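Residue numbering for the sequence shown follows the working numbering, beginning at 755 and increasing consecutively. Note that beta-carbon positions come from the ideal geometry of N, C-alpha and C, so glycine has one too. Since we're looking at a predicted model, the values are computed, not measured. The structure under discussion appears below in the form of structure tokens.
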Amino acid sequence: MDASEQAIAQQGRFSVALSGGSTPGRLFRHLGTAYRKKIAWDRVHLFWCDERCVPRDHEQSNFRLAYDELISRIWIPAANVHRIKGELRPEEAARYYEADMKKHFDEDMPSFDLILLGVGPDGHTASLFPGSEILRERQRLALPVFSDTALHWRVTLTLPALNAARRVLFLVTGRSKAGIVSSLIGRNEVHGFPAALVRPSAGDIIWLLDRDAAAELPEDVS
């Protein structure tokens, strides 16, 4: 809430990129109820870190999750919702989304006020997976990627887009994430983990963990 107020005061709007998953879903519902009237939603612009190449109403759509839990509960102009068009061909969806970001920010490299990310047990974040060629990308803001585990296409923000953010919030819950969280925060044996490559050049990283996800952190880490 403080981040949105600060951005709106300074530049008249707050641009945030959302993630999918059960943990962000709970956050979205909280924002859509407890903060429904406490945030100037008409000044908020919603983007997404990644999206499956499925229709917007598909049960696996990250947009649908955000719509059901947040967007449908608040008043936000339709023009402020910048979804990834998962119903298009993957490359077309990525190009369209990239153009939308450049138009919104009026610059080649957008700087989100906040990016909300999660982390998988394998160290992936957004749809940036270990060993992916996309991790070497330095120019494009969004790219299509094929998920070998789920066997479907996705569109994801690239590392240049993530690392241009003013603030990145990693929201992680569950005991299955404790090992990777300990490695990432302690910077121990992080080679090959995409989440370890998220290092905003002029921004901050914040970790928000539940007790289970923080279970393996050293005692001197607060």
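Looking only at its own chain, which residues have a Cβ that is under 7 Å from the Cβ of Thr879, when we skip the five neighbours before and after it?
-> Result list for Thr879: Leu871, Gly872, Val873, Pro948, Ala949, Val952, in chain order.
Please classify Arg806: does DSSP put it in a helix, a strand, or coil?
-> strand
State the DSSP-derived secondary structure class of Phe947, mapped to helix, strand or coil.
-> Phe947 sits in coil when the DSSP states are folded into three classes, being neither helix nor strand.
Pick out the complete alpha helix (DSSP H) segments inside the region 891-974, 4 residues or longer, and give them in chain order.
-> For the region 891-974, whole alpha helix (DSSP H) runs of length 4 or above, ordered along the chain, are 913-916, 932-940.
Since Phe801 sits in a beta bridge, which residues does DSSP pair it with?
-> Ala771
Provide the residue span of the beta strand (DSSP E) that contains Ile838, from first to last.
-> Element bounds for Ile838: n/a, residue is neither H nor E.
Kindly list the residues whose CB is nearer than 6 Å to the CB of Thr927, restricted to its own chain and excluding five residues on each side of it in sequence; keep chain order.
-> Excluding positions up to five away in sequence, the list reads Thr777, Asp964, Ala967.
Which residues mark the beginning and the end of the beta strand (DSSP E) in which Ile869 is found?
-> Annotation for Ile869: the continuous beta strand (DSSP E) segment containing it runs 868-871.
Can you tell which of Leu868, Arg818, Phe782, Thr903 has its C-alpha closest to the C-alpha of Ile762?
-> Taking the Cα of Ile762 as reference, the smallest distance to any Cα among Leu868, Arg818, Phe782, Thr903 is reached at Leu868.
Confirm the yes/no value for this check: CB of Asp811, any heavy atom of the ligand PLP, distance under 7 Å.
-> The ligand PLP is not among the ligands present in this structure, which contains no ligands whatsoever.
Can you grab the Cα-Cα spacing for the pair His858 / Phe768, in whole Å?
-> Cα to Cα, His858 sits roughly 11 Å from Phe768.
Three-way DSSP call (helix, strand, coil) for Leu889 in this model | It is helical.
CA-CA distance, Ile825 and Arg810?
-> 13 Å
In this structure, what does DSSP give as the bridge partners for Leu882?
-> Thr879
Sorted by chain position, which residues of the same chain lie with C-beta nearer than 6 Å to Ser955's C-beta, five sequence neighbours on each side aside?
-> Asn917
Count the other CB atoms within 10 Å of the CB of Ile888; is the residue buried (16 or more) or exposed (fewer)?
-> Buried, since its Cβ has 16 or more Cβ neighbours within 10 Å.
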